[in-house]
Amino acid sequence: MEGMTSIQDNLVQVQERISEAAKASGRSATDISLLAVSKTFPASDVRLAYEAGQRSFGENYVQEGVSKIAELGDIRAELEWHFIGPLQSNKSRDVAESFDWVHSIDRLKIAQRLNDQRPSELPPLNVCVQVNISGESSKSGVEPEEVADLCLAIAQMPHLRLRGLMSIPEPTDDETQQKADHHQLFSIYSRLKQNPSLQTGSVQLDTVSMGMSSDMSAAIAEGSTMVRIGTAIFGKRTYL
Ligand SMILES: *Cc1c(COP(=O)(O)O)cnc(C)c1O
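Taking our numbering, the leading residue of the sequence shown gets 2, the next gets one more, and so forth.
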């Protein structure tokens, strides 16, 4: 197509991969949302993706995300910004004030701070608890046994809306291993959904945030409802 940028082209291809993976596992592609991870890429690239129809974007670094959100202020109401990186307590206010979602809740203290700092004129902040499913090798996320307690505490926080779980498994090219990791997160999520204390009005458990550029098909096969894709949309990242 004339005038098509590679970002637009890549988005089409990623949507096709989502559809194929969904079809292969008997799921509907509409049940899987695409989060475009724009970290390290300029606001102008986010705008190109927006012009191609993409609305949800993920950022890992607070300062970078906050500046990009401000730069794209003219389309703020149409965009959904997700914070997906490690979150330090001293940066939580910026996230509570600027983002719509946080995927990386890994301790009670950070949830409490976000709840306290979420401006009351904004809707509740959508949150996922990050789970460490790869064992000792990975240091981020709560242990599977601790997920339920943290979720129950979040369910009591009026300015947070619990949406689900997120994980970043140890990278591997082995699809069997990828599926085993994703399967583990999905089972924890399924158990959580059966918890009567989480079936209240303020909780909306509908999100399994798993799958990146190299493991999205395995993640979709195992029940992902939101894939977080950076490289396959924006290209290879260079860190300065
Ligand atoms: C960078 C990042 C992604 C995107 O990874 P790609 O391999 O570039 O698709 C997804 N999730 C998190 C938490 C990330 O930090």
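All residues carry an ideal CB built from backbone N, CA and C; glycine is no exception.
Fair warning: this is a prediction, and the values are worked out from it, not measured in the lab.
If I measure Cβ to Cβ from residue i and keep anything under 7 Å in the same chain, skipping five residues before and after, which residues do I get?
i       : result
Glu-144 : Asn-133
Met-2   : Residue confidence for Met-2 is low, a pLDDT of 46 falling below 50, so the modelled location carries little weight and cannot support an answer.
Asn-184 : Note that residue 184 is His in the sequence shown, not Asn. Correct list, in chain order: Glu-223.
Phe-235 : Ile-8, Ser-39, Phe-42, Asp-46
Glu-79  : Arg-56
Considering just the uninterrupted stretch of the beta strand (DSSP E) at residue i, what are its terminal residues?
i       : result
Ser-34  : 34-38
Arg-229 : 227-230
Ile-106 : 102-106
Select from the options the residue whose C-alpha is nearest the C-alpha of residue i.
i       : options                            : result
Leu-123 : Ser-34, Ala-112, Gly-142, Arg-162  : Arg-162
Gln-179 : Ser-218, Leu-153, Gln-195, Pro-197 : Ser-218
Met-211 : Ile-33, Val-67, Leu-73, Thr-6      : Ile-33
Leu-73  : Arg-164, Asn-91, Leu-109, Leu-49   : Leu-49
Arg-108 : Ala-97, Val-148, Lys-92, Asp-101   : Val-148
Pro-87  : Asn-61, Ala-44, Glu-65             : Asn-61
Ser-203 : Ala-220, Lys-24, Cys-152           : Cys-152
Ala-150 : Pro-120, Ala-112, Gln-118          : Inspection of the sequence shows that residue 150 is occupied by Asp rather than by Ala. Closest by alpha carbon: Ala-112.
Arg-77  : Gln-64, Leu-35, Ala-44, Met-227    : Ala-44
Arg-53  : Gly-165, Thr-177, Val-15, Val-128  : It is Ala, not Arg, that sits at residue 53 in the sequence shown. Of the candidates Gly-165, Thr-177, Val-15, Val-128, the one whose C-alpha sits nearest the C-alpha of Ala-53 is Val-15.
Ile-19  : Tyr-240, Thr-239, Lys-237, Ala-220 : Ala-220
Thr-226 : Asp-10, Thr-6, Ala-22, Val-13      : Ala-22
Only counting the same chain, and skipping five residues up and downstream in sequence, which positions put a Cβ closer than 6 Å to that of residue i?
i       : result
Thr-232 : Ser-214
Ser-99  : Val-67, Ile-70
Ser-168 : Val-132, Ile-134, Leu-186, Met-211
Ala-37  : Ala-50, Gln-55, Phe-58, Ile-234
Asn-91  : none
Ser-26  : Ala-222
Gly-142 : Asp-107, Gln-131, Val-132, Asn-133
Which partner residues of residue i appear in the DSSP bridge assignment?
i       : result
Met-167 : Gln-131, Ser-210
Val-143 : Val-132
Glu-81  : Ser-57
Leu-161 : Leu-126
With a threshold of 8 Å on Cβ separation, who are the neighbours of residue i within its own chain once the five nearest residues in sequence on each side are excluded?
i       : result
Thr-201 : Ala-156
Lys-24  : Ala-30
Leu-199 : Cys-152, Leu-153, Ala-156, Leu-163, Leu-193, Leu-206
Val-128 : Trp-102, Val-103, His-104, Ile-106, Ala-112, Leu-115, Ile-155, Leu-161, Arg-162, Leu-163, Arg-164
How far does the alpha helix (DSSP H) with residue i in it reach, from first residue to last?
i       : result
Val-15  : 7-25
Phe-42  : Phe-42 -> no alpha helix (DSSP H), and no H or E assigned at all.
Ser-57  : Counting along the chain, Ser-57 falls outside any alpha helix (DSSP H), though it belongs to the beta strand (DSSP E) covering 57-60.
Thr-201 : Element bounds for Thr-201: n/a, residue is neither H nor E.
Asn-116 : 109-118
Ala-30  : First-last for Ala-30: undefined, no H or E at that position.
Tyr-240 : It is not in any alpha helix (DSSP H) - Tyr-240 carries neither H nor E in the DSSP assignment.
Kindly say whether residue i, judged by its beta-carbon, lies nearer than 7 Å to any beta-carbon of chain C.
i       : result
Ser-225 : Protein chain content of the structure displayed is limited to a single chain, and chain C is not contained in it.
Going by the C-beta, is residue i closer than 6 Å to any heavy atom of ligand 3?
i       : result
Val-204 : With respect to ligand 3, the structure offers nothing, as its ligand set consists of ligand 1.
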